[in-house]
Amino acid sequence: MSYPRTRLRRLRQSTSIRRMVRETRLTVDSLVYPLFVDARATEPQPIDSMPGQFRWPVDRIVTPVRDAAGLGIPAVVLFGLPGHKDPGGSGAYDRDGIVQQALRRIKDAAPEVVTIADTCLDEYTDHGHCGVIRDGVVDNDATLEILSRIAVSQAAAGADVVAPSDMMDGRVGAIRRTLDESGFDQVPIMSYAAKFASAYYGPFREAADCAPQFGDRRTYQMDPGNAREALREVRLDIEEGADIVMVKPALAYLDVVRQVRDAFDTPVAAYNVSGEYAMVKAASRCGWIDERAVVLETLTAIARAGAGLILTYHALDAARWLQEGAGAESLVATGWDRP
Ligand code: PBG
4 MSYPRTRLRR LRQSTSIRRM VRETRLTVDS LVYPLFVDAR ATEPQPIDSM PGQFRWPVDR
64 IVTPVRDAAG LGIPAVVLFG LPGHKDPGGS GAYDRDGIVQ QALRRIKDAA PEVVTIADTC
124 LDEYTDHGHC GVIRDGVVDN DATLEILSRI AVSQAAAGAD VVAPSDMMDG RVGAIRRTLD
184 ESGFDQVPIM SYAAKFASAY YGPFREAADC APQFGDRRTY QMDPGNAREA LREVRLDIEE
244 GADIVMVKPA LAYLDVVRQV RDAFDTPVAA YNVSGEYAMV KAASRCGWID ERAVVLETLT
304 AIARAGAGLI LTYHALDAAR WLQEGAGAES LVATGWDRP
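The numbering of the sequence shown is our numbering, which starts it at 4 and goes up by one.
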């Protein structure tokens, strides 16, 4: 049946009717707020390329966590900037490492908030790679032992979830085994399963001071052209024990999010990364876009593509806007629209 009997505009005539037939609802339950905790900071340090985001001193980290919790955001993901870096990234698994300290404080002050610890080496190594270097290359298998140590130290400090973001082969299995042997069989793994070698991580590398000092990450992060390989990565991570799988970045990879959602039953997360955030902030500052509308549209699109969890620096703003009743558009009924 087609025009003139079928008229799709019939169901678009008012805010209320659009609400009734909307397929995707963005809710605060999906949001995860990323936070940087900095061993050297004494005050919150604004991050230039990520307006509104800060590197937090550990004794103030509870402030943004409480802000998130107060808005109903269920989870935060923590990245650490250690006091010192070395070739083996020892600060990442130190009992008193910066993320471990932050985890203890957060679990003390806001135990209901789900704490996700980024399990990786790049912020802790002096060369800035996500693994240890042997003969000039990132040594996969030697890195697995270190990642497992990191995960256990994070779980011991109170991480509710560990999130390996390194892209070494076999790391989910290695971490699962070590967590289980150490009494942490209840700690889920959210793996950055399909993590692409992306220029959109630029602002994060400034924020976390983790740009590689030589070479780049293309021998372990994925080639942007590959979607079938992303499905292989996800399948392997699930077989190795991943509880949640992530696609990263989000926006340039929404097709991958959709394919992963369709192919597997595991919860899917997408990371709306630093470069995606920076572009929206920059255009908004220039007065070129309506930030609130763009952010809500973007996050709705990530959900529509199939992500149940969305890691985003917009989390606080988005939660506030959703609270004000501004989903994809205002929930305040305005009657039948004229145009
Ligand atoms: C690695 C890591 C990175 C991001 C999250 N975890 C950077 C990288 O792989 O270079 C990027 C996040 C973002 O851009 O927001 N520990």
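Even for Gly, the Cβ is constructed at its ideal location relative to N, Cα and C.
Our contact map puts residue i next to residue j with C-beta atoms below 8 Å; I'd like the distance itself, whole angstroms only.
i, j, result
"A245", "A197", "In fact, because the Cβ distance is near 11 Å, the residues do not count as touching under 8 Å."
"L84", "I64", "Not really, about 12 Å apart at Cβ, beyond 8 Å."
"D169", "Y223", "7 Å"
"M1", "A255", "Limits of the chain in this structure are 4 at one end and 342 at the other, which puts residue 1 out of reach."
"A273", "I313", "6 Å"
"T27", "T303", "6 Å"
"A306", "L29", "5 Å"
"Y127", "I76", "No, Y127 and I76 are not in contact; Cβ-Cβ is about 27 Å, not under 8 Å."
"E279", "Y195", "Not really, about 16 Å apart at Cβ, beyond 8 Å."
"V40", "I101", "5 Å"
"W59", "A42", "No, W59 and A42 are not in contact; Cβ-Cβ is about 11 Å, not under 8 Å."
Whose C-beta lies closer than 8 Å to the C-beta of residue i among residues of the same chain, with five residues either side of it excluded?
i, result
"L150", "T122, C123, L124, P167, D169, M171, R174, A177, I178"
"S52", "G205, P206, E209, A210, S277, A281"
"D142", "G134, V135, I136"
"I20", "L14"
"Q262", "A230, A233, L234"
"G311", "S33, P270, V271, A272"
"D212", "L84, E126"
"G228", "none"
"P90", "T128, D129, H130, V135, I136"
"R221", "A200"
"P342", "none"
Can you list, in chain order, the residues of its chain with a C-beta nearer than 6 Å to that of residue i? Leave out the 5 residues immediately preceding and following it.
i, result
"I292", "A286"
"S5", "none"
"Q216", "H130, G131"
"R8", "none"
"R264", "V271, G309"
"V140", "none"
"T315", "N275"
"H317", "V298"
"A214", "G131, R208"
"L160", "A small correction: the amino acid at residue 160 is Ala; Leu does not occupy that position in the sequence shown. Contacts found: Q103, L106, R107."
"A162", "L106, T118, A120"
"P54", "K284"
"F187", "A158"
"R294", "One detail in the question is off: residue 294 reads as Glu in this sequence, not Arg. Within the same chain, E294 has close Cβ partners S287."
"E236", "A196, A197"
"L257", "A308"
"Y96", "R152, I153, S156"
"S185", "V155"
What residues in its chain sit with their C-beta under 7 Å from that of residue i, if we drop five residues either side in the sequence?
i, result
"R323", "L74"
"V115", "Reading off the sequence, residue 115 comes out as Glu, not Val. Excluding sequence neighbours, E115 sits near A72."
"Q104", "V61"
"D320", "V298"
"H87", "G94"
"T181", "S151, A154, V155"
"I241", "V248, F267, T269"
"A113", "V65, V68, R69, A72"
"Q326", "L74"
"V165", "A120, T122, A154, Q157, A158, I178, V190, I192"
"A78", "V35, V116, V117, I119"
"R238", "none"
"P49", "F57"
"V259", "A197, A230, A233, V250"
"L147", "M171, G173, R174, A177"
Quiz item: For ligand 1, which residues have a Cβ under 5 Å from at least one heavy atom, in chain order?
Solution: Per the CB criterion, closer than 5 Å to any heavy atom of ligand 1, the qualifying residues run in chain order as C123, D125, S168, Y204, F207, V276, S277.
Quiz prompt | Any beta strand (DSSP E) of 3 or more consecutive residues that is wholly inside the segment 197 to 237 | solution = Runs of the beta strand (DSSP E) inside the segment 197 to 237: none found.
Exercise. Please list the segments of the alpha helix (DSSP H) lying wholly inside the segment 10 to 53, counting only runs of 4 or more residues, in order along the chain.
Key: Secondary structure within the segment 10 to 53: the alpha helix (DSSP H) runs of 4 or more consecutive residues, fully enclosed, are 18 to 24 (chain order).
Practice problem: Starting from the N-terminal side, write out each stretch of the beta strand (DSSP E) that is 3 residues or longer and does not extend beyond the segment 58 to 112. | Solution: The beta strand (DSSP E) runs of length 3 or more contained entirely in the segment 58 to 112 are, from start to end of the chain, 78 to 84.
Self-check item: Length at least 4, wholly inside the segment 235 to 278: the alpha helix (DSSP H) runs in chain order
Solution: Within the segment 235 to 278, the complete alpha helix (DSSP H) runs of at least 4 residues are 257 to 266.
Quiz item: Taking only runs of the beta strand (DSSP E) that begin and end inside the segment 298 to 324, which ones reach a length of at least 3 residues, in chain order?
Solution: Scanning the segment 298 to 324 for uninterrupted beta strand (DSSP E) segments of 3 residues or longer gives 312 to 315, listed from N- to C-terminal end.
Exercise. Can you check the segment 139 to 208 for any alpha helix (DSSP H) of at least 4 residues that lies completely inside it and give the ranges in chain order?
Key: Those alpha helix (DSSP H) runs which fall completely within the segment 139 to 208 and span 4+ residues are 143 to 160, 174 to 184.
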